[in-house]
Amino acid sequence: MPTLANYLIASGLLFAVGLGGVMLRRSIIVIFMSLEMMLSAANLSLVAFSRYGLINGHQNYDAQILVFFIITVAAAEVAVGLAIIVSLYRARQTTHVEDLDTLKF
Amino acid sequence: MLTAAFWFFATLMIAFGVSVVLLRNPISCAMCLVMSFIALAALFITLDATFIGIIQILVYAGAVMVLFLFIIMLLDLRTEESRRLNVGATVGGVLVVSGFITFLVKVVTSDPSFAQKLPPLANPQIPDVKLIGMTLFHTFWLPFEVIGALLLVATVGVIVLSKKSLR
Numbered sequence: 767m768p769t770l771a772n773y774l775i776a777s778g779l780l781f782a783v784g785l786g787g788v789m790l791r792r793s794i795i796v797i798f799m800s801l802e803m804m805l806s807a808a809n810l811s812l813v814a815f816s817r818y819g820l821i822n823g824h825q826n827y828d829a830q831i832l833v834f835f836i837i838t839v840a841a842a843e844v845a846v847g848l849a850i851i852v853s854l855y856r857a858r859q860t861t862h863v864e865d866l867d868t869l870k871f
Numbered sequence: 065m066l067t068a069a070f071w072f073f074a075t076l077m078i079a080f081g082v083s084v085v086l087l088r089n090p091i092s093c094a095m096c097l098v099m100s101f102i103a104l105a106a107l108f109i110t111l112d113a114t115f116i117g118i119i120q121i122l123v124y125a126g127a128v129m130v131l132f133l134f135i136i137m138l139l140d141l142r143t144e145e146s147r148r149l150n151v152g153a154t155v156g157g158v159l160v161v162s163g164f165i166t167f168l169v170k171v172v173t174s175d176p177s178f179a180q181k182l183p184p185l186a187n188p189q190i191p192d193v194k195l196i197g198m199t200l201f202h203t204f205w206l207p208f209e210v211i212g213a214l215l216l217v218a219t220v221g222v223i224v225l226s227k228k229s230l231r
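Chains A and B are the protein sequences, given in the same order.
Numbering (my numbering) for the first sequence: 767 to 871.
Numbering (my numbering) for the second sequence: 65 to 231.
Now the structure itself:
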């Protein structure tokens, strides 16, 4: 039987991979995909806690509702973020973060 | 059986996640992310969260990733040309990620309550969706309404952002 620690480590590894993607990649689209991966990793640990912390023999459904809300907000965030990326591309003709250095000191 | 499923899908999820970070072509990145999300949904189902698993496949692997692929097509992104590796970012990234994993392992192994086995459900046949719906519409009805308003605002915002000229 997998333990709670197994699920938390799997979720933490996925989060770490996403964090590495955000820090190492230079394409704004792939950075955004890595952000989505980090959100899903948080969802995995929430669902694991919901399954291992039973209330009267039922899963803790509050955690699953929170996951539902996170997925909804992530969908809205992706729509807005991709629209921003498209208008950024229209203005600057690039999606490479190193070419977007107007705010750089 | 459950243990085998856990290790199989967890390995699949991490492997495809790593290939999202390593591959250069954005289309391959998106397809690997789809596979990673499907493996994650399978992990949700091993945790008896069938509703969340199905939502994960429908919303993430379906809708969100199609949006990503659509934008990649719209912007006509090619394989990234390899540029000089940014040493500062690489060292910083490796340091932050390894520090995070070290502390996570430390915390998870410190307390014996993290090593508990899967406790049995009282009634495994209960409809998962029914109980989620009851919780959603009884306890969390206000956040549900707020999230509906948020989705409307996001839709309007996307339409405003994609207009040719912003006033």
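Just so it is clear, CB atoms sit at the ideal spot from N, CA and C, and this is done for glycine as well.
No experiment lies behind these values; they were computed from the predicted model shown.
- Less than 8 angstroms divides the Cβ of V222/B from the Cβ of V846/A.
- Less than 8 angstroms divides the Cβ of S793/A from the Cβ of T861/A.
- For the 8 angstroms CB-CB criterion, S816/A and N826/A form a contact.
- At least 8 angstroms separates the beta-carbon of L866/A from that of V833/A.
- Counted as a single uninterrupted DSSP element, the alpha helix (DSSP H) harbouring L779/A occupies residues L770 to L790.
- At least one C-beta of chain B is nearer than 8 angstroms to the C-beta of M789/A.
- When C-beta distances to chain B are compared with 8 angstroms, the residues of the region 798–819 of chain A below that value are F798, M799, S800, E802, M803, S806, N809, L810, V813, A814, S816, R817 and Y818, in chain order.
- Under the 10 Å beta carbon count, A814/A is surrounded by 16 or more other beta carbons and is classified as buried.
- In this structure, L214/B sits near A842/A, with a CB-CB distance shorter than 8 angstroms.
- Nearest CB-CB separation between K181/B and chain A: below the 8 angstroms threshold.
- With a cutoff of 8 angstroms on beta-carbon distance, I831/A and L185/B are scored as not near each other.
- The region 80–98 of chain B makes no contact with the region 204–218 of chain B: fewer than 3 CB pairs, one atom from each, lie closer than 8 angstroms.
- Close to M99/B, with beta-carbon spacing below 9 angstroms, lies no residue of chain A; the smallest spacing is near 12 angstroms.
- Listed along the chain, the chain A residues whose CB falls inside 8 angstroms of the CB of T67/B are M767 and P768.
- With respect to A179/B, T868/A sits apart: the two C-beta atoms are not nearer than 8 angstroms.
- Around the beta carbon of T838/A, 16 or more other beta carbons lie within 10 angstroms, which makes this residue buried.
- According to the DSSP secondary-structure assignment, I821/A is paired through a beta bridge with H824/A.
- Taking a cut-off of 8 angstroms for Cβ pairs, the region 771–790 of chain A and the region 154–164 of chain B touch, as three or more such pairs fall below it.
- A check of alpha carbon separations from L86/B across L195/B, T154/B, F73/B and T110/B identifies T154/B as the nearest.
- At a cut-off of 8 angstroms, the C-beta of P90/B has a neighbouring C-beta in chain A.
- For K194/B, the closest alpha carbon among the candidates A113/B, G81/B, A74/B and I109/B is that of A113/B.
- Excluding residues up to 5 positions away in sequence, P90, I91 and A94 lie with their Cβ nearer than 7 angstroms to the Cβ of I136/B in the same chain.
- For S853/A, the secondary structure class from DSSP, reduced to helix, strand or coil, is helix.
- If you draw a straight line from the Cα of K181/B to the Cα of L149/B, it is about 44 angstroms long.
- Three or more Cβ pairs drawn from the region 777–786 of chain A and the region 69–87 of chain B lie within less than 8 angstroms of each other, which places the two stretches in contact.
- Put simply, the CB of M137/B is far from chain A, with every gap to its CB atoms at 8 angstroms or more.
- Listed in chain order, the non-local C-beta contacts of I109/B below 8 angstroms within the same chain comprise G117, local neighbours out to five positions each way being set aside.
- Rounded to whole angstroms, S174/B and L111/B show a C-alpha spacing of 23 angstroms.
- Counting only residues of its own chain and dropping the five nearest sequence neighbours on each side, G197/B has no CB closer than 7 angstroms to any other CB.
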